[in-house]
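Okay, structure first, notes after.
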Amino acid sequence: MSFKRKLPDPRDEWCKVPGRYLKNLPQTSVIICFHNEAWSTLLRTIHSVMDRSPGHLVKEIILVDDYSDMPHLDEYMEKYHKVKIIRTVKREGLIRARLIGAGHAAGPVLTFLDSHCECAQGWLEPLLDRIGRDRSSVVCPVIDVLDDTTFEYRFQNASMMFVGGFNWNVQFIWYPIPEREIKRRNNSAEPIRTPTMAGGLFSIDKAFFERLGTYDSGFGIWGAENLELSFKTWMCGGTLEIVPCSHVGHIFRKHSPHFPYKGMTAQDIMKRNSVRLAEVWMDEYNYYVYERMGFDLGDFGDVTSRKELRRNLHCKSFKWYLDNIYPELFSPGDAVVSGGIGNDWSGLCIDSPCCKPSSFNKPVGLYPCHRLGGNQLWMISKQGEIRRDEACLDYAGGKIILYLCHGTKGNQYFEFDYKNKRIKIGLMNKCVAMSRDKKILIAKKCSADDETQNWDLV
Ligand code: UDP
Ligand code: MN
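Read in order, the letters of the sequence shown are residues 0 to 457 in numbering that gives the first Met the number 0.
Laid out in structure tokens, this is it:
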């Protein structure tokens, strides 16, 4: 496939109305970090920026080669004067590589892209427009999927969009645009406020980024930096938005090609970054994060200067952030009860992994009760959900599956009758039971003498 290719224009008509954007948009430096990226995908990223951005808005394209052991691109890039190549002298990791790129940037706005992207028509103007109007606005394009085997570009329809959240494992998640946000806007193509950003693709005013203390440079390679920037953007006076008029494709790979690194796994680094994040930004809510780690925080280094940064910026509390920006997040403290749910007749407990995309839409399983939490930890919410993080038990015909919580009761509403040991499903005369082979949860007509319907909190 060519380094340049045509793509359909994904924008809503609303985006193309004359006068929609400021006449004088700020210029941006585009920063692309890469570690052993294939030439073809990297060059397609760069050409898509050059070909689909108004020239006067792109100050420069800064490539930060994070110690790749591959042939260099310099010769190919010689004829493109806007392209600057910086090479790190040791492997820095994505976070520090971005900071190095930002340090070399001359434009007033920084636009970060991954090294395997394709910018669609008109992607840049709507991003810069938001920042031109408000310097503390941090904006992300809609991230479309570039198929990792066929490179097919799959546009996301603006009206069925998601926003960013997170769970207490400090994992970024997508969830449907909340009702309150749909109501706040007049048109589905207008910018959408989002509690968090996915991380790879966004624009930010350079001075605002610096005022926020950029990224915590104590973070390793990759991970949780997107949440750090999201939390402090909101808590320290900014706004974070997804701009539906701006589309950029991204190749989602099944496996990260960057690990292990110096004997550390992605999980080790993620944990260290998560603890630094929780220590500095999450106030008393960090308890929930540490609980998931069994209170074994490991060595997370020194965070004194990051705490000082937050104090000096007079940022709002994490509670304010949760109450006002992310009220959809379910906190373990909101649970009516939590623990294991076991069947005394079989000794089995309701057991399911969560919350990767692969854990959803599958029947919920059973496993001998171990009383260690983990995949057997369930919380019953005030709304009658049986959930862990963003995953809910969901009545799907004969089976009970795990599904993204939707907060509207319906087939995620259960009534726990402790006295009779029954879990009634919704408002039907059906109860949670186990399949004949005792492997999965099913729904059955409630019956007083069916032991497979006995449930206790354990
Ligand atoms: N990257 C880097 N150094 C690293 C790890 C990653 O420069 O040590 C770059 C990588 O080439 C990519 C970006 O950082 O352009 C984000 O990484 P990746 O795409 O693997 O993250 P994902 O999109 O899977 O979250
Ligand atoms: Mn990527």
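Virtual Cβ for every residue (Gly too), placed ideally from N, Cα, C.
Just so you know, these numbers come straight off a predicted model, no measurement behind them.
- Closer than 8 Å to some heavy atom of the ligand UDP: that does not describe the Cβ of residue 43.
- Short note on residue 250: C-beta closer than 8 Å to some heavy atom of the ligand MN.
- As DSSP reads the structure, residue 342 sits in a beta bridge with 347.
- Contact check for residue 45 against residue 24 fails: the beta carbons are separated by 9 Å or more.
- Residue burial is scored here from C-beta neighbours: residue 357 has fewer than 16 other C-beta atoms within 10 angstroms and is therefore classed as exposed.
- In this structure, the beta-carbon distance from residue 394 to residue 425 falls below 9 Å.
- In this model, residue 90 and residue 65 are separated by some 6 Å (Cα to Cα).
- Per the coordinates, the alpha-carbon of residue 216 lies some 6 Å from the alpha-carbon of residue 95.
- A straight line joining the alpha-carbon of residue 18 with that of residue 243 spans about 17 Å.
- For residue 282, the closest alpha carbon among the candidates 230, 182, 250 is that of 230.
- Setting aside the 5 residues that flank it on each side, residue 247 is surrounded in the same chain by 112, 116, 117, 118, 119, 122, 140, 141, 142, 143, 200, each with a C-beta closer than 8 Å to its C-beta; the list follows chain order.
- For residue 246, the shortest C-beta to heavy atom distance toward the ligand MN is 8 Å or greater.
- Residue environment analysis places residue 313 among the exposed positions, since fewer than 16 neighbouring C-beta atoms fall within 10 angstroms of its C-beta.
- In terms of side-chain proximity, the C-beta atom of residue 331 is found no nearer than 8 Å to any non-hydrogen atom of the ligand UDP.
- Not a single heavy atom of the ligand UDP lies less than 8 Å from the C-beta of residue 233.
- The alpha-carbon separation between residue 214 and residue 208 amounts to approximately 8 Å.
- The DSSP assignment places complete alpha helix (DSSP H) segments of no fewer than 4 residues inside the stretch 122-209 at 123-132, 178-183, in order along the chain.
- With a beta-carbon spacing of about 6 Å, residue 423 and residue 430 fall inside the 8 Å limit used to define contacts.
- Look at residue 299 here: in three-state DSSP terms it is coil, with no helix or strand label.
- The shortest C-alpha to C-alpha distance from residue 338 to any of 324, 380, 361, 301 is the one to 380.
- Here DSSP, grouped into helix, strand and coil, assigns residue 423 to strand.
- Listed in chain order, the non-local C-beta contacts of residue 170 below 8 Å within the same chain comprise 354, local neighbours out to five positions each way being set aside.
- Here DSSP, grouped into helix, strand and coil, assigns residue 367 to strand.
- Under the 10 Å beta carbon count, residue 360 is surrounded by fewer than 16 other beta carbons and is classified as exposed.
- Counting only runs of 3 or more residues that sit fully inside the stretch 203-265, the beta strand (DSSP E) segments are 238-250, in chain order.
- A straight line joining the alpha-carbon of residue 31 with that of residue 103 spans about 12 Å.
- Assignment of residue 279 by DSSP, reduced to helix, strand and coil, places it in the helix class.
- A residue is called buried when at least 16 other Cβ atoms come within 10 angstroms of its Cβ; residue 323 does not meet this threshold and is exposed.
- Fully contained in the stretch 33-113 are the following beta strand (DSSP E) runs of length 3 or more, in chain order: 57-64, 82-86, 108-112.
- Looking at the backbone, the Cα of residue 130 and that of residue 35 are separated by about 32 Å.
- For the ligand UDP, no non-hydrogen atom lies closer than 8 Å to the CB of residue 214.
- By the 16-neighbour rule on beta-carbons within 10 angstroms, residue 294 is exposed.
- Exclusion of the five residues before and after residue 218 leaves 94, 224, 272, 275 as the residues of its chain whose Cβ lies within less than 7 Å of its Cβ.
- For residue 317, the uninterrupted alpha helix (DSSP H) segment begins and ends at 317-323.
- Bounds of the alpha helix (DSSP H) holding residue 291 are 285-291.
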